[in-house]
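Participant: In the numbering used here, the protein residues as written are -2 to 669.
Ideal Cβ positions, reconstructed from N, Cα and C, are used throughout, including at glycine.
Encoded as structure tokens, here's the structure I'll be asking about.
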């Protein structure tokens, strides 16, 4: 089988990317709106109202200052006003005159800020709901997509690296959706609102702000660009590190047996150092961006105040979008002074929002890096299936007429629809498998099977022997269609297997692998995995057939004993027996036994051999074995060498030929 390869980010393999794929943000937002259109519209309205109302304090401050100016003017009227008959009021009288206006402003302020608080609370609640719903659907989509991927994908990607997509990358998406995007939207709306207010109060001072923003933009682009590159590399390094940790955990016994702890630690340190370096650079750029932007904002605030003071000293008229303001307003105050008093807090808020937007850049970049890797997995090519022949239960009468049924008859048939005339024909499933001139390679430029031809008649036992890497397991992988052949044909009951739906093809096959896989659950549930509708009695009968019943009854809870960590509480041989029982309960017409007894002692092997012999009655069976004693009763034994069938025949025929099989049987040379 091809070696495991670390998952990269071109597809899921290839050279690591230094930035997220183009269009990632557009795709992510499209998914968000598709799943939560109504809630998102409400959330956006709340964000808009919250952002707009939060910057209204400057307007209210201006109104308060204007009203206070009116009050001072009533206490100390100008000579021109006195000549017009205006009478000076006492401070108490002046206060009584302006208090209703101030009260109105304060009530408006309270209402606006109350609305801001309510909208902020509501949109945070809505974004929490939207985010969790989005992540739930994303995990579902990723898992469903993973189930549709071909075996080749899992042969060439490490488990831990794929798991990093479910954990780190999706978590990065969570921060992007729940925090970064709403904060960025809020900042943009606030910036637009403040921009309008600034040009309303003073175009001169607005030009100063614009010049400062240009400087802040270039600083953000320079520092944020370095941060983005290393955040992307950080996500890849996390995947590589987690893939390595999972690999070492799975092989911990091997590590200890060969005393490779120092080498393992050195390799881990190297990958951890790479992650540390990428993360340090990423967060280093990110952490200096905030202080730089804060200080630029402070410098800009002082600059605005200084230039405003110069304009006042030079009696420069204030210019706004409504036109040129007079030097002295109706209340006798310099209009530029009033503009500066309103403009300074607005400019502080404006640069603060710019700073907040730049701070979100880090989370956005990291979220897009994670989203890019998630989308890479979702964009992997699924396992193709152009088959249209299906497997159905059948009744066969004495005349050989096949009728489709839902009853459990023990008979199966291939349902073959004909597109030309719309008719349907049925072919009895017998287990007749033939391969004609098959060539195959896991990679196109390295062929591992050469011109393989074989015939397995119904009920025959076909054995494959040969050195490791000769192509034995590869042949069974092709029968399962885990991989598709490069050249030649494979026929199942006379039907090209490319025409059979993969799910139906695999439903007709029972398989026992050399590497057993048990799942978290009870012993009974693991046996029933072979056929989910099997009864307890059928599972127990299958366990007896595989000679697993005896040891199962000695377990603490018998068939209800819970298995965890791939059956770590069982011996290797016991795990293998459960795997055989699982295949037995499937009751498939074709069986594939890939080193099925490799982990069983000789005494148990003899018992299991009797069980498998019973299991193989009336079935076509493919057996891969290193122990020649397990294949001597095979109808046909095929000897493979470097992807070629060099000998075939029964045990007696091959011994009589005195070829490679004879040398293996007599110990002249051994399988490796």
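Alpha carbon to alpha carbon, how far is residue 649 from residue 441?
Facilitator: Residue 649 and residue 441: Cα-Cα distance of roughly 38 Å.
Participant: Thinking C-alpha only, which one of 196, 321, 377 and 29 is nearest residue 151?
Facilitator: Ranking the options by Cα distance to residue 151, first place goes to 377.
Participant: Thinking C-beta only, is residue 115 closer than 8 Å to residue 339?
Facilitator: No.
Participant: State the CB to CB distance for the pair residue 282 and residue 224, rounded to an integer number of angstroms; the pair is presumed to be in contact (CB under 8 Å).
Facilitator: 4 Å between Cβ atoms; contact.
Participant: Whose CA, out of 663, 579 and 637, lies closest to the CA of residue 541?
Facilitator: Nearest option by C-alpha distance: 579.
Participant: Would you decide whether residue 661 is buried or exposed? Buried here means 16 or more other CB atoms lie within 10 Å of its CB.
Facilitator: Buried, by the Cβ-count rule.
Participant: Taking 8 Å as the cut-off, decide whether the C-beta atoms of residue 624 and residue 634 are in contact.
Facilitator: For residue 624 and residue 634, no; Cβs fall outside 8 Å.
Participant: Which term fits residue 96, buried or exposed, when burial requires 16 or more other beta carbons within 10 angstroms of its beta carbon?
Facilitator: It is exposed - the Cβ of residue 96 has fewer than 16 other Cβ atoms within 10 Å.
Participant: Hey, could you find the ends of the alpha helix (DSSP H) residue 284 is sitting in?
Facilitator: That run of the alpha helix (DSSP H) goes 258 to 310.
Participant: Looking at the unbroken alpha helix (DSSP H) that takes in residue 481, where does it start and where does it end?
Facilitator: Taken as a continuous stretch (DSSP letters only), residue 481 belongs to no alpha helix (DSSP H), as it is neither H nor E.
Participant: Does DSSP classify residue 489 as helix, strand or coil?
Facilitator: In this structure, residue 489 counts as strand in the three-state DSSP scheme.
Participant: How far does the alpha helix (DSSP H) with residue 89 in it reach, from first residue to last?
Facilitator: Per DSSP, residue 89 belongs to the alpha helix (DSSP H) from 88 to 145.
Participant: How big is the Cα-Cα spacing for residue 300 and residue 271?
Facilitator: C-alpha separation (whole angstroms): 43 Å.
Participant: Please state whether the Cβ-Cβ distance between residue 423 and residue 401 is less than 8 Å.
Facilitator: Yes, they are a contact pair.
Participant: Kindly provide the ranges of any beta strand (DSSP E) runs that are 3 or more residues long and lie completely inside the stretch 540 to 615, ordered along the chain.
Facilitator: 587 to 591, all fully within the stretch 540 to 615.
Participant: Alpha carbons only, please: which of 149, 291 and 154 is nearest the one belonging to residue 381?
Facilitator: That would be 149, whose Cα lies nearest to the Cα of residue 381.
Participant: Starting from the N-terminal side, write out each stretch of the alpha helix (DSSP H) that is 4 residues or longer and does not extend beyond the stretch 149 to 183.
Facilitator: List check, alpha helix (DSSP H) in window: 156 to 161 and 167 to 172.
Participant: So what's residue 645 in DSSP terms, helix, strand or just coil?
Facilitator: Of the three classes helix, strand and coil, the one that applies to residue 645 here is strand, per DSSP.
Participant: If we ignore side chains and look at the alpha-carbon of each, how far apart do residue 458 and residue 618 end up?
Facilitator: Residue 458 and residue 618: Cα-Cα distance of roughly 5 Å.
Participant: Run the CB neighbour count on residue 131, radius 10 Å, all protein chains shown included, and call it buried at 16 or more, exposed below.
Facilitator: It counts as buried.
Participant: Label residue 45 either buried or exposed according to how many other C-beta atoms from any shown protein chain fall within 10 Å of its C-beta, with 16 as the threshold for buried.
Facilitator: So residue 45 counts as buried.
Participant: Which one of 277, 305, 407 and 549 has the shortest CA to CA distance from residue 586?
Facilitator: The option with the nearest alpha carbon to residue 586 is 407.
Participant: Quick check on the burial criterion: 16 or more other C-beta atoms within 10 angstroms. Buried or exposed for residue 237?
Facilitator: Buried, by the Cβ-count rule.
Participant: Compare the Cα-Cα distances from residue 468 to each of 475, 445 and 431 and report the closest residue.
Facilitator: Nearest C-alpha to residue 468: 445.
Participant: DSSP three-state call for residue 514: helix, strand or coil?
Facilitator: Coil.
Participant: Rounded to whole angstroms, what is the Cα-Cα separation between residue 34 and residue 40?
Facilitator: Looking at the two C-alpha atoms, the distance is approximately 10 Å.
Participant: Under 8 Å: do the stretch 411 to 422 and the stretch 537 to 555 share three or more Cβ pairs, one atom per stretch?
Facilitator: Too few Cβ pairs lie closer than 8 Å, so no.
Participant: Is residue 53 helix, strand or coil when you go by DSSP?
Facilitator: In the structure shown, residue 53 sits in coil (DSSP, three-state: anything other than H, G, I, E or B).
Participant: Taking residue 397 as the reference, which of 599, 637 and 409 has the closest Cα?
Facilitator: For the residues 599, 637 and 409, the minimum Cα distance to residue 397 belongs to 409.
Participant: Can you find the residues in the same chain that come closer than 6 Å, C-beta to C-beta, to residue 489, ignoring five residues on each side of it along the sequence?
Facilitator: The residues are 430.
Participant: Output yes or no for whether 8 Å exceeds the beta carbon distance between residue 206 and residue 344.
Facilitator: Contact flag set, yes.
Participant: Look up residue 635 in the DSSP assignment and give the residues it is bridged to.
Facilitator: 461 and 645.
Participant: Can you tell which of 374, 203 and 212 has its C-alpha closest to the C-alpha of residue 138?
Facilitator: Selected option, being the one with the closest Cα: 374.
Participant: Which value, in whole angstroms, describes the spacing of the CA atoms of residue 347 and residue 71?
Facilitator: Going by the C-alpha atoms only, they are around 35 Å apart.
Participant: Measure the C-alpha to C-alpha separation of residue 202 and residue 295 and round it to an integer number of angstroms.
Facilitator: Answer to the nearest angstrom: the Cα atoms are 15 Å apart.
Participant: Tell me whether residue 197 sits in a helix, a strand or coil according to DSSP, three-state version.
Facilitator: Here residue 197 sits in helix by DSSP.
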